[in-house]
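Notes follow once the structure below has been shown.
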Amino acid sequence: MTNRLYCLLFVFLLSLPFGQGRGRVSAQIIDPSPVPVSISEPHFSRTFIRQHKIKTITASVVDKPDGEIIRDKGLAQVYAFDTAGNLSRHYFNEITALAKTETEIPAVYKRGRVVKKSFTKVNFEYQYDTLGTEYFYTSTGYLVMKRVCIGDFYHSTYYEYFGDGLLSRQTLCKETNLAKSGDPFKLGVQTVLSEEKFEYEQLTPNQVKKKFLNDEGKPYKQGILNFVNSKPIDESYQFVVGFIRSGVTYAYDSKSRLIEKLSTDNSSGTTTEKVTFEYDELGNIKTEKKFKNGTQTDEIVYLYGVLPSHGREGLGMRFLTSQLDRQLQQSSIRILKYEYTFY
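This is how it looks when you write it as structure tokens:
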């Protein structure tokens, strides 16, 4: 980590309203373990969310370009959870325009004399659009639908599973909403954009062959998945026609925690992406580093503390309180500060 990031981290820690806690909990708030269906980043642990009855997590977002002051543009991300600990909604705002307003300020007179001339006051205000994703689950916790708002339309992905929990079908649809603003979603026109089916073959106790089937039920891609102690260690995929290949390898430490994920792809030239994780003495993720084609792009530092409003400080209830993302290519640091509500 650079000295500059250490200095910013120290200054930012001094401004935090949360005390640093000590102690162990049965689950950590961030879980980077591989999942069948990707949901969001960071991936919050369902067990931790359920144990501590977390209702929402709100992250306020500011940016600090190198050599400049912190820029607060009013950006935020909100994660909402159900009582089972599942992520039910993730929404955020983005800037769409910078509006300019001009206000004429009249002159100020005193005893018939102008003591302050009239002038035009110019203000700039950001205009935002809110985007979001909703998630729906079975009673056993399997994700069955993900609906993403894209302007006036929605992209909804539907998931079906075999009895053992393996993904059997994935359908992407474009949908319209007939409901009025603020009312629950009401399906209007639904257009299927793509559909994938999956088949699996157990080759050995630790190896599975996965086939990807197109709309006609014909395989167009296949892969081999290898496991050790029920944890995936590598995945390799290849299209039936052509030479396009991709793969993922995973590395774990002695405590079975993910410490490295390496992805490769040759669809547009050879591309490699690597993510590494380091943990603190309590098992929380301390740092996350991202690389593309051997060049580091991000270094994320996670900070934890005990929430005074949640009490039970002696039990060491450590929550994620802030996150610093050093974006090396943009020469900037993105700072996220987290707040919680509870059931």
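With my numbering, letter number 181 in the sequence shown gets 183, and the count goes up by one each step, no holes.
Glycine included, each C-beta is placed from N, C-alpha and C at the ideal position.
Please report how far the alpha carbon of residue i lies from the alpha carbon of residue j, in whole angstroms.
| i | j | result |
| --- | --- | --- |
| P234 | S47 | 18 Å |
| K292 | P67 | 19 Å |
| E106 | D65 | 33 Å |
| Y161 | F321 | 31 Å |
| V269 | K213 | A quick correction: the sequence has Ser, not Val, at residue 269. Roughly 19 Å between the two C-alpha positions. |
| L89 | A181 | 23 Å |
| E301 | L133 | 26 Å |
| I226 | G244 | 17 Å |
| D33 | P108 | 59 Å |
| L305 | E104 | 42 Å |
| I337 | D282 | 20 Å |
| F94 | T206 | 44 Å |
| L77 | I59 | 14 Å |
| L309 | I51 | 14 Å |
| H45 | N216 | 30 Å |
| E198 | G69 | 48 Å |
| H351 | K119 | An answer regarding residue 351 cannot be provided, because it is not within the stretch 3 to 345 covered by the chain. |
| D185 | G114 | 58 Å |
| L284 | K257 | 12 Å |
| Y210 | Y239 | The sequence as given places Val at residue 210; Tyr does not occur at that position. Taking the straight line joining both Cα atoms gives about 12 Å. |
| T272 | R247 | 10 Å |
| D327 | S334 | 8 Å |
| G87 | S183 | 27 Å |
| Q22 | Q53 | Its pLDDT being 36, under 50, Q22 is placed unreliably by the model, and nothing is read from it. |
What did DSSP end up calling residue i once you bin it into helix, strand or coil?
| i | result |
| --- | --- |
| R328 | strand |
| L317 | Low confidence applies to L317: its pLDDT is 46, below 50, so where it sits in the model is not reliable, and the reading given next is rough at best. Three-state result, L317: helix. |
| R259 | coil |
| T159 | strand |
| R113 | coil |
| Y342 | strand |
| Q298 | strand |
| I71 | coil |
| F279 | strand |
| P221 | strand |
| P207 | coil |
| A181 | coil |
| Q22 | Any reading at Q22 is ruled out, since the residue's pLDDT is 36, under 50, leaving its predicted position unreliable. |
| N286 | coil |
| Q240 | strand |
| Y252 | strand |
| S333 | coil |
Apart from the five residues just before and just after residue i, which ones in its own chain have a Cβ nearer than 6 Å to its Cβ?
| i | result |
| --- | --- |
| E136 | R91, R149 |
| F126 | L100, K102 |
| E275 | S265, K294 |
| N286 | Q30, Y306 |
| T289 | E280, V303 |
| K57 | T343, F344, Y345 |
| T278 | E262, K291 |
Going along the chain, which residues of its own chain have a beta-carbon closer than 8 Å to the beta-carbon of residue i, five neighbours each way excluded?
| i | result |
| --- | --- |
| V242 | P221, Y222, K223, Q224 |
| L169 | P38, V39, Y161, E162, Y163, F200 |
| T299 | K292, F293, Q329, L330, Q331 |
| G296 | T274 |
| I72 | V64, D65, K66, I337 |
| Y144 | Y161, Y163, G167 |
Leaving out the 5 sequence neighbours to the left and right, which residues in its chain are closer than 7 Å to residue i when beta-carbon positions are compared?
| i | result |
| --- | --- |
| N138 | The sequence given here places Phe at residue 138; Asn does not occur at that position. Excluding sequence neighbours, F138 sits near V146, M147. |
| K75 | I97, Y128 |
| E237 | G225, L227, G249, V250 |
| L195 | L174, C175, K176 |
| Y254 | K233, L260, I261 |
Quick check: is any heavy atom of the ligand COA less than 7 Å from the C-beta of residue i?
| i | result |
| --- | --- |
| C151 | In the structure shown, the ligand COA is absent, as is every other ligand, since no ligand is present at all. |
Consider the Cβ of residue i: report whether some Cβ of chain D lies at a distance smaller than 8 Å.
| i | result |
| --- | --- |
| K212 | Among the protein chains of the structure shown there is no chain D, as only one such chain exists. |
Just checking, does the stretch 171-187 make contact with the stretch 112-132 on the three C-beta pairs under 8 Å criterion? Counting Cβ pairs under 8 Å, fewer than three are found: no touch.
At which residue ranges does the stretch 36-95 contain complete alpha helix (DSSP H) runs of 4 or more residues, listed in the order of the chain? 48-53
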